[in-house]
Amino acid sequence: MNDNELINIFIIEDNRLFMLTLKAHIEIAFVNQKMKIYCFETGEACMDKFKEVKPQIAILDYHLNSITPDAANGIKILDWIKKEHKETFVIMLTDQAEKLGGMNKNHFFAKNILRAKR
């Protein structure tokens, strides 16, 4: 991708502070890249916009039920994303990396490596 191409990124994360911090870090790290970052606190909240935008990148939390206990988890949303638009590059975030073994994600990052150390 070149610097002139608009990249659409979805961040789906139920921890609002973590989500906004991640968004800020992406904007700082890729300051010369044209991008639009959409933030959602539940997977369900992103579905309609996903069909419209078809983002190139989705950053998805494994657990998405801290706000709404019956919300779809990251696995259900990952499956839905891959059925809806398999070209979307998915990065899973988790603090339980061992659970991501055979899933259809592109990469995963343990959340604890992204947190600031004191």
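Take the sequence shown: its letters are residues 76 to 193, numbered as in our numbering.
From the three backbone atoms N, C-alpha and C, an ideal C-beta is built for every residue, glycine too.
(Q) Relative to the C-alpha of residue 108, which candidate in 80, 133, 87 and 159 has its C-alpha closest? (A) Reading the sequence shown from its first residue, position 33 is the one you call residue 108. Ranking 80, 133, 87 and 159 by Cα distance to residue 108 puts 80 first.
Q) What number of angstroms, rounded off, separates the C-alpha of residue 145 from the C-alpha of residue 110? A) If you number the sequence shown from 1, residue 145 lands on position 70. If you number the sequence shown from 1, residue 110 lands on position 35. A straight line joining the alpha-carbon of residue 145 with that of residue 110 spans about 32 Å.
(Q) Distance cutoff 9 Å, beta carbons only. Does residue 88 sit that close to anything in chain B? (A) No chain B appears in this structure, which consists of one protein chain only.
Q. Who does residue 164 pair with in a DSSP beta bridge?
A. Taking the first residue of the sequence shown as 1, we reach residue 164 at position 89. For residue 164, which the question treats as bridged, DSSP gives the partners 132.
Q) Is the segment 110-127 touching the segment 93-101 in the sense that three or more CB pairs, one from each, lie closer than 8 Å? A) With a cut-off of 8 Å, the segment 110-127 and the segment 93-101 count as touching, because enough Cβ pairs lie within range.
Q) Thinking C-beta only, is residue 118 closer than 9 Å to residue 92? A) For this step, residue 92 is matched to residue 17 along the sequence shown. For this step, residue 118 is matched to residue 43 along the sequence shown. No, they are not a contact pair.
Q. If you run the structure through DSSP and keep just helix, strand and coil, what is residue 96?
A. In the sequence shown, residue 96 corresponds to position 21, counting from 1. Residue 96 sits in a helix when the DSSP states are folded into three classes.
Q.
According to DSSP, simplified to helix, strand and coil, what is residue 111?
A. Position 36 of the sequence shown, counting from 1, holds the residue named residue 111. Under the three-state reduction of DSSP output, residue 111 falls in the strand class.
Q.
Mapping the DSSP letters down to three states, classify residue 105 as helix, strand or coil.
A. Taking the first residue of the sequence shown as 1, we reach residue 105 at position 30. Three-state DSSP puts residue 105 in coil, outside helix and strand.
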